[in-house]
Every structure is written in C-alpha cells, then in structure tokens.
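This is the structure we're talking about:
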C-alpha cells in the first residue's frame, strides 16, 4: 500500500493562500509609471479607424467600460439604441478573447505602455446582433411519417412554422412546426430526394432527386408544372437565384448533378435556361451569389465561377488536392432571408421587397466601401480554403487542422466566423476575415455531418453520426446543450431564420423539433 | 466400397457399350410409367418410403417452378438497389454505410420481456464434468486426487497469474487459451475479429463461467470499439455481448454472433 502524506497543516494552507494572493496582486498591479493609455477603435471587417483616439486609465479598461466607450464614440449614449460590439485586441486573439481582453492588454503591452504613452492601442470591433437567440434545450415534438431515412430539410424563410423535409422514400413533406403535425406530402419523385429548397420569396419549393429530375411545387404542396428533366444522373444540390437579382416574375433555379453539369432552370416557365458544363466529375455543390455569379464545387478538385447572366465561365479556382465537398458564401444568410427584417417582417409589395433585399444583401457584403462576397470551400484533402473569387484566383487563406474529410462549412450570419464539420468528430471555428484558426469544439464521438449557426451568430448547432445534436457557444467554445434522442445517425439539420427552432432528421425516420 | 474410379477408367479406355445412349433414352421414357406403377402397386413399408421420397421431390419441383416463374416476370420499372438511403454528401463514399444499423424494430423487440432473454442459440447439449476435466494425479496411493486440467478452450484475462502449485485446483492449459473471436454482426452481415473482454455466462455450469470456459452457446463480452457503435445518448459502446456459435474445441477458433 502506498504511503499517503498527511494533509497540510493550517499554517501551511494559510501560507499557500497568501502566496497565491500576492502573486495575483502582483500580476494585476499596474505600475504607477503607466499613465492614461491611448486607445482607438477600428472596424473589424475593413480595418479602418472609427472615431478619434481616446485616453483612458489602464485600470479602467474593463470590457464593460470599453463597450460603453465604443457606444458613446458613436453618439449612442442612450442605452436602448446601443449596439453590442465584439471587441478584438490584437496581440491575443485566439483563446478567450472576451474575458482576456483587459488582462492581455495589461500583460503583453506592459513594457511598451510603461515606456511610452504615445503608443496607440488598436481595438477592433465588430457589431453583433441586437437580439439574442436562446439555445434550444428540449425536443418539442418528434414527428414520424416518413417511410425512410430523412436526407435533407429546410425551414421556410418566411417563418419557423413550416419545415420541408426530403426523404429516401421518394417523398418530400411539409410539416407544421407549431403543432407538430404533417401538412402535405409531395409525391412525384421515384427515388431518394437529395435536396429540398424554398425559393427566397417563399412562393415555390424545389426538390432534387436521385431519379435525375427536379420538381417544383407551390407552398401548399401542389406540383407546379411537370418534372424538369435533363440531368443524366442524380441531382445533388439546388440553389435559387437571389431575390434582388431576379428578373421580375422570372425566378431561376440552379441544380447540380452527378453527371458533371449545372443546369439553370426558368422556374415559372419550367424550361431550361442554360447548361453550365465544364466540370469533369460530379458537381457536389452549387451556390448562387448575390453579385451575379454562380459558384460550383466538384469532385474534379476545382471550383468554378460562372456568370449567371451569360452562362460563361469566369474563373476556375484550383488549389484543392481532392474532391471539393461543400461551399459556403459569406452572404448566405442574407440571401436566404432576402427582403425580410428580423424586427418588422418585411415589405409587402414587390418593388419595395426588391429594394429591401438589395439593401440587406449589400449590408452583409459590404467591407469598407466595396461589396465583397467571400467563399469557403471544404474538401476531401482535409483542408478548407477561403476565397475572394472576384478579385483573385489565389486563396486568401488555407485552413488546416482537420484530421479527416471536411464535409460541411458555413459562415456565421455576422460574417465573423467560419464553422467546419469534419469526419474527425470535431467542429472547428475559423476567422472569416483571413481564415485563422480560432478554436475546436470537441464533444462528438462520431463523424459530424452538418452544422448551422443561429441567426445572432452566438450559437452553433451540429449533427453527427453519433445520433446526437449538440449546441455550442461560439464565444465560449463550450457545449451549451447536448440533445440526444435520435435513434440513428442525424443526416439533416436546420436552424430557422428567426432562431426559434432547430429541426433534425436522419436514419430513424423521425423529424425532431428542438426549442428552448 | 469401390476402390478408385475403375468404372470411369474402363470407360475412358474402352468406351461405352454401343447401345448405351438408346438404353438411357428408353429408361428415361419409361420413368413416368415406372413411377406410376410404383405409386399404384407398392404396398406396406415400401409404399410408405416411396411416398416420402415422392413428397420431397414434389416440394422441390414446386419450388423450382415458382423460382422460374419469378425469374420470367417482366417489370416496367428499373430495378432499384434497395440499399438504405444516404444523403448526397455521403454518395461515392464506400466505408460510410456499413458502420451502424440500429433499427427501431430491433429495439422494440428487445423491449419485450421474453425477447430480452432470447439468444441465437437457446439451448445447448450438456457437457459432463468427466469430459470437461481430466484428473491430475496428485498422490501416489490415495484416491483423493483434487487437481483438474480443463480440456476445453478457455478465456483467461490479462491480469491472471497462476496460483502456487500447491493451491492451484484448475489448470487452464496455455495452448487452449483464446483471446480473440470472429464476431458476426447479424444486421450488417459482416464478420470482424474482435478481442474478448470476458465470459459472462456459460450455460453448462456456473463453475465454467468462473473458469472462462468457451463452449458452444457461451455468452461472452467482446470489444466492439472498432465498429464505431454508439448509444442513443451519443456515447461510444465498447463492450458488447456475443454468443459463441461453434464448437471451439473442434475448430480451434471462436466464432460468435453479436447480440443486438
């Protein structure tokens, strides 16, 4: 038997405590030589200075005070009009950004601060959502109905009360999420449905299937025209033309297929508009950007950028060493929301809607004075790249860190983070401005299939092969909620645009709705 | 018993008799007459045996006809591969689908009380202690020999150390110790070699459970961490029960089926 040391005596304990206290004080002590420091706020996205430099006492530079200061610089002293800002301090950015701001300021710059009061401290700030989405905590309803595995799902952009799911039983279903009941079944396909998509104005539904066709439906579930045929292999992904870019009354839809082509359909006329052929292997993902480009990713290791008006190839982005699995746009959330405003709903008439959609998109895409759309691509070579496809064909940054295939990538709605889901059981967060690694979210014990940000970008939800859905705090990097309940792998996941609900579905054939 | 293939040899050397083909044709032609004659005229035990034989033949015939009919059916829709559906991002990936099959049907079945105790091999043949143990002679002249050697394959854990010779009542020979089993997943139909963790229940005798004897029907615990199975709560399952399906002492390997 091992010898156990006796517990420390009271004297020893007291001595150890006082030593710790002294050390703590020593660390937090601000030398008298440090006077007021010079501090200036910069915009995080563009890096431009906002407002004049300010002198403050270093000991007053707590997070709360800095936030108040940044508001008062903008002339928003009135508490109700304040915008919460996320503050970044340059030397230490990755871990514990928020609570470490004051501390890191003290420690890393102590020398330089002591030597000169002329040094200007740069604090970058990024505006955050004025509303907060609560983490979903419970399964509000578990709805069965599908005869087979659920493969894809999407909430209606209009409200979180309508959910569309596609399944392996060749039907898509619309669910009423308020009551947890089925609304209609969209029957027509003859094989698995790989992708479903609501049009941005909520007036149409498109479904793409393994039976090589795309079908259009109205929101009540009635088929709209016949099947759109033309693809020679399974349809893998769909993307609607952004609302502000549509010709009035002529919305278009892009579909990509295993046969290596992307087809653009005129949704009202149910006719083919263009065929974009150029990829030599299965096209895995298509995204219709708001600046008039279509981005496609393929298993031939390339990403191609097409002109949406003429159908010509603009650029080919070749850096990946293996299949490109998924694409995400920095403006994805704005394009999905189109003309809707989280507070007021959105305008009623089409002309107003078009203006509102254009404004929303430009707000999301504006960096400094330019409109920039960034693209993140996830690949089988275990890396991701960040692109600005309109300015250069070279990637802005390479994101290395995943140990296995990266399956899914998504931008946060405020454009600060990129989240990636890999088959190595991890979700990783990256900075969306330059692709720097931020943190890893560990907790899943199986491959992570999908992830999705909440509308306020403060939470992230991920679904996995290990049958669970997990909610993560983006700032803390910690598990906010673990949501077990599915009996099989969770293939499909979506967080509604208003933040109220999360839906998930997978191999156990049930749709689960999670709410707080 | 014929020694060697002398008939075939003779035929190769000399050929068949000249009327072989004709006789064969005629015998075949008479076959139905012969059958009908037998069916009508055989009596007693012979009739009984004949009817049994005929009954079996008819079953086979009907099965054959049915199979042929199914083969001839022409369907308009193309044959769909009835795999389990997978999302589009798992297309073209081979190793993803075989990881886990957790159907709710099985779960429901397990929920029933009787099914909880149902195993693939519900009953096994008993093994006597005489067969299981051989006696080691410990004293020259008395009959009280207390030392036994286990004659069946056993599982012995890693941490086991033999007791002193004076106290060791059961000897488990090194040559008969097994550490791995070929485990079949009944749903996926895959067989993988997995390490054995322990013996949970030997249906023969509680003593054999203690000794870790591996006989047919024994429930063992195997390490399934390689299969990547998870519970409904999202935790990794690493120990799973399995039942031995073969006579280990005859085959020299342990074959088992996972209890799911």
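Protein chains in written order, with our numbering: chain A, 1 to 516; chain B, 517 to 776.
Glycine is no exception: its CB is placed at the ideal position from the N, C-alpha and C atoms.
Keep in mind that this is a model prediction, so the values were computed, not measured.
Residue 335/A: member of the alpha helix (DSSP H) spanning 332-337, first to last residue. Near chain B, meaning a CB-to-CB distance below 8 Å, the residues of the segment 264-297 of chain A are 282 and 284. Residues of chain B whose Cβ lies closer than 7 Å to the Cβ of residue 71/A do not exist; the shortest such Cβ separation is about 42 Å.
Closer than 8 Å to the CB of residue 746/B there is at least one CB belonging to chain A. With fewer than 16 other CB atoms across the displayed protein chains lying within 10 angstroms of its CB, residue 20/A is exposed. Sequence-ordered contacts of the segment 751-774 of chain B with chain A read 751 and 752 [C-beta pairs closer than 7 Å]. Judged by their CB atoms, residue 445/A and residue 746/B are nearer to each other than the 8 Å cut-off. Between residue 663/B and residue 677/B, the C-beta spacing is not below 8 Å. Each residue's CA atom was taken as its position, placing residue 721/B and residue 711/B some 24 Å apart.
Contact check for residue 511/A against residue 503/A passes: the beta carbons are separated by less than 8 Å. Short of 6 Å from the beta carbon of residue 335/A, and not among the five residues preceding or following it, lie these beta carbons of its own chain, in chain order: 242 and 290.
With a cut-off of 8 Å on Cβ pairs, the segment 663-673 of chain B is in contact with the segment 685-698 of chain B, counting three or more such pairs. Contact between residue 37/A and residue 471/A fails: their C-beta atoms lie close to 38 Å from each other, not under 8 Å.
A straight line joining the alpha-carbon of residue 13/A with that of residue 681/B spans about 53 Å. Contact annotation: the segment 723-734 of chain B touches the segment 637-649 of chain B, with at least three C-beta pairs closer than 8 Å. Sorting 769/B, 645/B and 566/B by C-alpha distance to the C-alpha of residue 693/B places 769/B at the top. Using a C-beta cut-off of 8 Å, the segment 387-395 of chain A makes contact with the segment 277-297 of chain A, since at least three inter-stretch Cβ pairs fall below that distance.
A straight line joining the alpha-carbon of residue 758/B with that of residue 742/B spans about 15 Å. Residues of chain A with a Cβ closer than 9 Å to the Cβ of residue 702/B do not exist; the shortest Cβ-Cβ separation is about 17 Å. Sequence-distant Cβ neighbours of residue 180/A in its own chain, meaning closer than 6 Å and more than five residues away, are 141 and 143. Under the three-state reduction of DSSP output, residue 696/B falls in the strand class. Apart from the 5 residues on each side of it in sequence, residue 755/B sits with its Cβ closer than 8 Å to the Cβ of 713, 737, 738, 739 and 740 in its chain, given in chain order. By the Cβ-count criterion, residue 189/A is buried, with 16 or more other Cβ atoms from all chains shown falling within 10 Å of its own Cβ. Taken in chain order, the complete alpha helix (DSSP H) segments of 4 or more residues contained in the segment 219-296 of chain A number zero; there are none.
Here residue 130/A is exposed, its C-beta having fewer than 16 other C-beta atoms within 10 Å. Taking C-beta atoms as the reference points, residue 261/A and residue 277/A count as a pair closer than 8 Å. Secondary structure at residue 215/A: strand, using DSSP grouped into helix, strand and coil. Annotation: Cβ neighbours of residue 148/A in chain B (cutoff 7 Å, chain order): 601. Interface residue (Cβ-Cβ distance to chain B less than 8 Å): residue 151/A is classified as such. Taking C-beta atoms as the reference points, residue 482/A and residue 468/A count as a pair closer than 8 Å. Within chain B, the C-beta atoms nearer than 9 Å to that of residue 325/A come from 605, in chain order. The alpha-carbon separation between residue 217/A and residue 353/A amounts to approximately 22 Å. In the DSSP assignment, residue 361/A falls within the unbroken alpha helix (DSSP H) covering 350-365. Interface with chain B (8 Å Cβ-Cβ cutoff): residue 381/A is excluded.
When rounded, the separation of the alpha-carbon atoms in residue 421/A and residue 323/A is 16 Å.
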